[in-house]
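S.K.: Here's a structure for you.
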Ligand SMILES: NC(=O)c1ccc[n+]([C@@H]2O[C@H](COP(=O)([O-])OP(=O)(O)OC[C@H]3O[C@@H](n4cnc5c(N)ncnc54)[C@H](O)[C@@H]3O)[C@@H](O)[C@H]2O)c1
Ligand SMILES: NC(=O)c1ccc[n+]([C@@H]2O[C@H](COP(=O)([O-])OP(=O)(O)OC[C@H]3O[C@@H](n4cnc5c(N)ncnc54)[C@H](O)[C@@H]3O)[C@@H](O)[C@H]2O)c1
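Residue numbers (the working numbering), protein chains in the order written: chain A, 2 to 407; chain B, 2 to 407.
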């Protein structure tokens with residue numbers, strides 16, 4: 002298949018492009034490289050030394066003989082360029098990663114809120130609009146997030162996308178309808194993924210587009226079979242307070258001898274998936290396209306759930322690190338349950354890599370190996386969800402802000 | 002109160018601004034005058050001769066001694082100007098009409114789809130973002146649409162915003178949660194109002210903004226107590242295929258001796274409200290603000306429902322016009338039920354003006370009076386919802402396209 006990987010220079014996009022290329026597909030990366038610009042804006046960099054996309058694709062060709070093509074296009078701003086590209090290349094499938102994906106970054110300032118809404122809504126809408134306008138029929142696979150559901154405290158299992166709801170009619174009958182699971186996003190970033198869902202629902206219904214939306218958990222791990230082929234194919238690893246997810250920041254803190262900083266009680270439960278499984282899920286989703294006229298197909302793309310404080314304890318046990326509790330910069334429930342259904346991917350053959358088995362590799366091969374590159378001042382999460390919360394959360398990289406260390 | 006009326010140069014915004022000014026409020030209109038530019042783009046004009054906003058406000062002052070201030074700001078593009086304005090003026094309330102509001106216009110071409118998404122999402126998000134950034138606490142009243150619900154065929158009554166849903170927990174208990182009534186928009190325009198709903202939900206939850214969302218039916222009628230005070234205060238009346246709603250187009254067709262053109266079977270049921278009632282509802286909503294921390298307050302702002310073919314028959318009876326059936330350019334169910342709850346406004350004292358009593362005034366005082374200004378070629382609805390539908394719907398102002406005339 003000819004596959005366009007939008008956002009293919011990013012953390013999940015790059016190993017996906019390699020994996021699909023390795024499987025024999027004709028892969029085209031489209032990316033505006035905005036993520037690299039944001040590194041520059043924030044003055045941070047990937048823990049792993051990361052080459053330019055041009056250099057990476059050159060090495061992939063040298064190692065495997067396979068070509069991955071790169072096209073510099075801003076999906077959100079260059080509608081006409083995108084339309085022209087799609088009309089010329091007519092891909093069989095499109096994997097859409099190209100959004101601003103950090104919740105803390107989306108909450109930094111009013112400028113960052115506007116940027117995230119604009120970038121994400123327009124990237125997705127331009128894409129849908131162009132597909133209809135040109136009249137092509139690719140299978141569109143989008144990366145959504147578990148965060149569209151919010152983190153409820155009622156302890157119900159989250160189904161894969163749809164919730165059957167009984168609605169009472171005027172005649173007193175009850176008619177059951179499948180509705181999108183009610184959205185309850187916790188940040189501007191998560192909210193844009195809820196907006197995406199409605200865009201997909203509309204374009205599937207009105208124009209018969211074939212769309213799969215993957216509600217992904219937090220991706221952990223760095224290496225995949227393909228990125229391991231050459232040091233310069235290495236994936237990015239974000240550990241800063243905006244883009245670094247909780248697990249990555251714990252790993253780095255452990256590697257530099259800093260206490261693992263848990264926000265609030267650490268009672269937040271989150272869903273996780275290894276990067277290798279994420280890449281495999283995308284391959285599985287591509288092989289299982291909905292038919293024209295079907296509603297959007299929704300998968301929960303995650304393999305296990307953990308409380309943040311349990312994660313901290315797991316890493317503390319492995320590394321001897323201490324744990325510290327800080328005020329939470331996010332507005333969220335202190336404790337929540339999270340039970341997620343993921344039968345669809347398991348039925349398609351996914352065999353999950355668990356944190357328990359994979360974490361040590363991350364500690365040794367990534368965090369410790371590249372610890373010399375860490376800028377400790379960038380590890381704390383500094384974006385507060387509201388101005389009131391900002392007052393309670395000062396930022397102090399060296400730990401004066403710690404409430405208690407255990 | 003100091004009230005900002007965003008989109009106050011438009012069809013509902015202008016009589017609202019007059020009404021609130023007449024009630025003694027300090028009214029500021031903010032508008033980018035894009036609706037006048039769209040008239041120019043489409044080569045259409047209001048049936049009623051409409052003065053510039055500057056002239057209209059001058060006459061209002063001359064007639065009543067009251068001032069309405071006008072500020073030319075594009076909410077979607079001029080975030081910084083909007084923020085500066087809000088910081089300086091700190092309104093007590095904001096009524097937000099400033100969106101592209103025609104479903105057919107939103108479906109015209111890919112450019113119009115993008116414009117509608119961009120304009121509406123950014124106008125609403127910029128506003129919310131600026132309010133939080135400045136730290137003001139106005140009551141925000143937004144005009145949404147009944148169309149966020151879509152037009153279901155199951156015959157259930159539509160509640161005012163929220164649907165209680167029982168969700169089964171892991172323990173086997175059922176917990177009831179109020180969710181936003183499931184969105185099922187029928188056009189890009191309607192979809193943007195569903196996106197707005199999620200923006201409001203997020204900002205109410207995260208930042209405690211006080212928001213009322215009015216899910217309005219199709220507004221009919223032209224005059225209000227205040228617009229009648231002087232000929233140059235007259236409201237706009239759109240009858241073209243994009244902005245003219247079904248009732249207005251029937252009235253004009255009757256006035257020029259053209260058959261009333263019904264799309265499909267005319268079995269579509271729609272909700273309606275008179276402009277005088279709409280203006281009154283906004284006043285009532287303003288007086289009934291939610292408290293900080295409340296969820297978004299949602300009203301259904303409509304007073305009666307009718308099938309399109311029944312409307313046509315009502316006007317045919319009054320005027321002697323014939324009725325013609327045309328292929329439907331929209332993608333929608335041929336027939337639908339619509340039962341809408343509107344107890345909240347009735348409880349606040351609304352006494353509806355019915356079509357049965359008000360329609361004759363429209364026929365005589367508006368449609369017949371200004372019939373000499375009608376451009377017959379602009380009456381047909383020409384925007385098709387999909388490319389396939391476009392093939393079946395040719396546009397022929399003189400009626401060759403008619404399938405049958407009764
Ligand atoms: N990483 C995770 O843990 C995780 C979890 C759940 C969901 N997701 C989703 O998966 C997708 C990929 O995540 P990631 O971690 O690889 O993010 P990333 O930021 O590393 O990659 C996103 C890529 O998209 C590009 N991009 C952004 N806006 C663009 C635009 N307008 N035009 C062209 N390119 C643009 C960026 O330059 C970047 O290369 C995102 O949509 C994200 O929301 C990620
Ligand atoms: N007219 C109806 O039947 C009806 C029915 C349901 C809901 N509504 C809603 O009520 C509101 C008002 O409807 P209307 O019929 O008065 O529409 P309208 O088009 O006559 O008025 C909208 C006004 O907003 C202005 N505007 C648009 N985008 C703007 C921007 N970015 N910045 C500043 N100003 C901007 C336009 O110039 C115009 O004056 C709309 O939001 C519409 O969706 C209307």
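Glycine included, every Cβ here is placed at the ideal spot set by N, Cα and C. Please read all numbers here as calculations on a predicted model, not as lab measurements.
Could you pull the start and end residues of the alpha helix (DSSP H) that residue 115 (chain A) belongs to?
M.R.: Segment 111–135, the alpha helix (DSSP H) holding residue 115 (chain A).
S.K.: Note the first and the last residue of the continuous alpha helix (DSSP H) segment covering residue 249 (chain B).
M.R.: Its alpha helix (DSSP H) spans residues 247–257.
S.K.: Short of 7 Å in beta carbon distance, which residues of its chain neighbour residue 349 (chain B), apart from the five on each side in sequence? Order them along the chain.
M.R.: Counting only Cβ-Cβ distances below 7 Å, and skipping sequence neighbours, we find 285, 289.
S.K.: Got a sec: is the Cβ-Cβ distance from residue 407 (chain B) to anything in chain A below 8 Å?
M.R.: Any answer about residue 407 (chain B) is weak, because its pLDDT of 47 lies below 50 and its placement is not dependable; what the coordinates show is given next. Cβ-Cβ to chain A under 8 Å: no for residue 407 (chain B).
S.K.: Quick check: what's the CA-CA separation for residue 223 (chain A) versus residue 208 (chain A)?
M.R.: Using only the alpha carbons, I get a separation of about 38 Å.
S.K.: Please name the residue, chosen from B:250, B:74, B:244, that lies closest to residue 316 (chain B) on a Cα-to-Cα basis.
M.R.: Among B:250, B:74, B:244, the Cα nearest to that of residue 316 (chain B) is on B:250.
S.K.: List, in order along the chain, the chain C residues whose C-beta lies closer than 7 Å to that of residue 282 (chain A)?
M.R.: No chain C appears in the structure shown, which is made up of the protein chains A and B.
S.K.: Sorry if obvious, but does the Cβ on residue 32 (chain B) come closer than 7 Å to a heavy atom of ligand 2?
M.R.: Result yes, Cβ under 7 Å from ligand 2.
S.K.: Are any of the Cβ atoms in chain A nearer than 8 Å to that of residue 136 (chain B)?
M.R.: Output row for residue 136 (chain B): interface = yes.
S.K.: If you draw a straight line from the alpha carbon of residue 244 (chain A) to that of residue 240 (chain B), how long is it in whole angstroms?
M.R.: Whole-angstrom Cα-Cα distance: 51 Å.
S.K.: With 16 other CB atoms within 10 Å as the buried threshold, where does residue 280 (chain B) fall?
M.R.: Buried, since its Cβ has 16 or more Cβ neighbours within 10 Å.
S.K.: Is the shortest distance between the beta-carbon of residue 176 (chain A) and the beta-carbons of chain B less than 8 Å?
M.R.: It does: the Cβ of residue 176 (chain A) has a partner Cβ on chain B nearer than 8 Å.
S.K.: Does the beta-carbon distance from residue 61 (chain A) to residue 234 (chain A) come in below 8 Å?
M.R.: Taking 8 Å as the Cβ cut-off, residue 61 (chain A) and residue 234 (chain A) qualify as a contacting pair.
S.K.: Looking at residue 5 (chain B) and ligand 2, is the gap between the Cβ and the nearest heavy atom below 7 Å?
M.R.: Outside the cutoff, so no.
S.K.: Could you give the residue range of the beta strand (DSSP E) that holds residue 176 (chain B)?
M.R.: 175–181 is the span of the beta strand (DSSP E), which, as asked, contains residue 176 (chain B).
S.K.: What does residue 298 (chain B) pair with, by DSSP beta-bridge criteria?
M.R.: B:213.
S.K.: Is residue 150 (chain B) close to chain A, meaning its C-beta is less than 8 Å from at least one C-beta of that chain?
M.R.: Cβ-Cβ to chain A under 8 Å: no for residue 150 (chain B).
S.K.: Which same chain residues end up closer than 7 Å to residue 335 (chain A) when comparing Cβ atoms and leaving out the 5 residues on each side of it in sequence?
M.R.: Closer than 7 Å at Cβ, skipping near neighbours: 265, 266, 268.
S.K.: If you follow the beta strand (DSSP E) that residue 17 (chain A) is in, where does it begin and where does it stop?
M.R.: Looking at the DSSP string, residue 17 (chain A) is not in any beta strand (DSSP E); the run it does join, the alpha helix (DSSP H), is 14–23.
S.K.: If you pair each beta-carbon of the stretch 164–171 of chain B with each one of the stretch 117–130 of chain B, do three or more pairs fall below 8 Å?
M.R.: Result no; under three Cβ-Cβ pairs closer than 8 Å.
S.K.: Is residue 384 (chain B) near ligand 2, going by C-beta to nearest heavy atom under 7 Å?
M.R.: Result no, Cβ not under 7 Å from ligand 2.
S.K.: Could you tell me whether the stretch 82–100 of chain B touches the stretch 9–19 of chain B, where touching means 3 or more Cβ pairs closer than 8 Å?
M.R.: They touch, by the three-pair rule.
S.K.: Does any residue of chain A have a CB that is nearer than 8 Å to the CB of residue 324 (chain B)?
M.R.: Not an interface residue.
S.K.: Is the number of C-beta pairs between the stretch 187–197 of chain B and the stretch 132–142 of chain B that are closer than 8 Å three or more?
M.R.: No, they do not touch.
S.K.: Residues of chain A with CB under 7 Å from residue 388 (chain B), in chain order?
M.R.: Under the 7 Å cutoff, chain A gives 136.
S.K.: Looking at the strands, I want to know which residues DSSP matches up with residue 268 (chain A).
M.R.: A:336.
S.K.: If the cut-off is 9 Å on Cβ atoms, which residues from the stretch 355–366 of chain B count as contacting chain A, listed in chain order?
M.R.: Cβ contacts with chain A: none found.
S.K.: Given that a residue counts as buried once 16 or more other Cβ atoms are within 10 Å of its Cβ, and exposed if not, what is residue 347 (chain A)?
M.R.: Label assigned to residue 347 (chain A): exposed.
S.K.: Let me know if residue 389 (chain A) comes out buried or exposed under the rule of 16 or more other beta-carbons within 10 Å of its beta-carbon.
M.R.: The residue in question, residue 389 (chain A), is exposed, as its Cβ has fewer than 16 Cβ neighbours within 10 Å.
S.K.: Does residue 330 (chain A) get closer than 8 Å to chain B when you measure Cβ to Cβ?
M.R.: Judged by the 8 Å Cβ criterion, residue 330 (chain A) is not in contact with chain B.
S.K.: Sort B:246, B:211, B:229 by Cα distance to residue 219 (chain B) and report the nearest one.
M.R.: Ranking the options by Cα distance to residue 219 (chain B), first place goes to B:246.
S.K.: Please confirm whether any heavy atom of ligand 4 lies closer than 7 Å to the CB of residue 390 (chain A).
M.R.: Absent from the structure shown: ligand 4. Ligands present: ligand 1 and ligand 2.
S.K.: Since I believe residue 65 (chain B) is in contact with residue 23 (chain B) (beta carbons under 8 Å), could you give me their beta-carbon distance rounded to a whole number of angstroms?
M.R.: Confirmed, about 7 Å.
S.K.: Buried or exposed: which applies to residue 53 (chain B), given that a residue is buried once 16 or more other Cβ atoms fall within 10 Å of its Cβ?
M.R.: Counting Cβ neighbours within 10 Å, residue 53 (chain B) comes out exposed, since fewer than 16 surround it.
S.K.: If residue 74 (chain B) sits next to residue 86 (chain B), beta carbons under 8 Å apart, how far is it from one beta carbon to the other, in whole angstroms?
M.R.: Yes, they are in contact, since the Cβ atoms of residue 74 (chain B) and residue 86 (chain B) sit about 6 Å apart, within 8 Å.
S.K.: What span of residues does the beta strand (DSSP E) with residue 326 (chain B) cover, start to end?
M.R.: That run of the beta strand (DSSP E) goes 324–327.
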